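This report refers to the structure that appears directly beneath it.
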Amino acid sequence: MASDVKGASRTQQTQATRRRIVDAAAELFIAEGYAATTLAQVARRAGVAVQTVYFHFGNKRTVLKEAVDVAAVGDDEPVALLERPWLERVRAEPDPRLVIELWLDNSRTIMERVGPIMRVVRDAAATDPEMAAQWKTNAEQRATAFGVLAQLLDDRAALRVPLDEATDILCALLGLELHSVLVDRGWTSDRWQRWVTETLVATLLQ
């Protein structure tokens, strides 16, 4: 029993250290940019030795990927975005409009968390091939998620456009790029959510 407790304690300590490193890295990436941030700076901000950062992550790209993943789901638990409880609530909703509204409630929260760190990836992708690959991977993951939403609407016989076209429209309207443009022009998250909800309802639903 004592060994089990010690093992659990070590696991918690390891998880806490990893999260401290990820949080420190995310702050630095957002403030200073990907290229300008060093793992030594991340280690200092996290209060660990730089060797500890290398031990847990190996390189800067992996730290950034972890920061994106944490921002997307809101924690560092090993549960994928599409396996989260909020999606079960969406799946159980029979009303297509409410499916969109519930999805947007969560999309807004996710976008507020992940938007700043994804801008780091986007900016770095212009000159860094590894970050370009990361940006492509994240775009594919978003398309997969939006495909799930399109399928939920299609399952309810609610779509006025083909399934593939609905996924394309969701990728465009719920993408980071459009959100960034509107936020940069002074839109609040409330305004973005209202507009996207009404636009999707008018464009996708019969």
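Everything in the sequence shown is counted per full-length UniProt numbering, starting at 1 for the first residue and increasing by one.
C-beta atoms are modelled at their ideal positions from N, C-alpha and C, and glycine is treated no differently.
Since the structure is predicted, the reported quantities are computational estimates derived from the model, not experimental observations.
Check: Boundaries of the alpha helix (DSSP H) in which Gly115 is found, first to last residue; Outcome: Pro96 to Ala125
Check: Check whether Ile117 and Val73 have beta carbons under 7 angstroms apart; Outcome: no
Check: Leu200 in three-state terms, based on DSSP; Outcome: helix
Check: Test item: CB-CB of Ser189 and Glu112 under 7 angstroms; Outcome: yes
Check: Backbone CA spacing between Val99 and Gly58 [nearest angstrom]; Outcome: 41 angstroms
Check: Counted within 10 angstroms of its Cβ, other Cβ atoms place Phe55 as buried (16 or more) or exposed; Outcome: exposed
Check: Beta-carbon separation (whole angstroms), Ile30 vs Val48, contact threshold 8 angstroms; Outcome: Wrong, their Cβ atoms sit about 20 angstroms apart, outside the cutoff.
Check: 8 angstroms Cβ shell around Ser180 - same chain, five flanking residues per side excluded; Outcome: Gly115 and Arg119
Check: Euclidean distance between Cα positions of Thr52 and Glu32; Outcome: 22 angstroms
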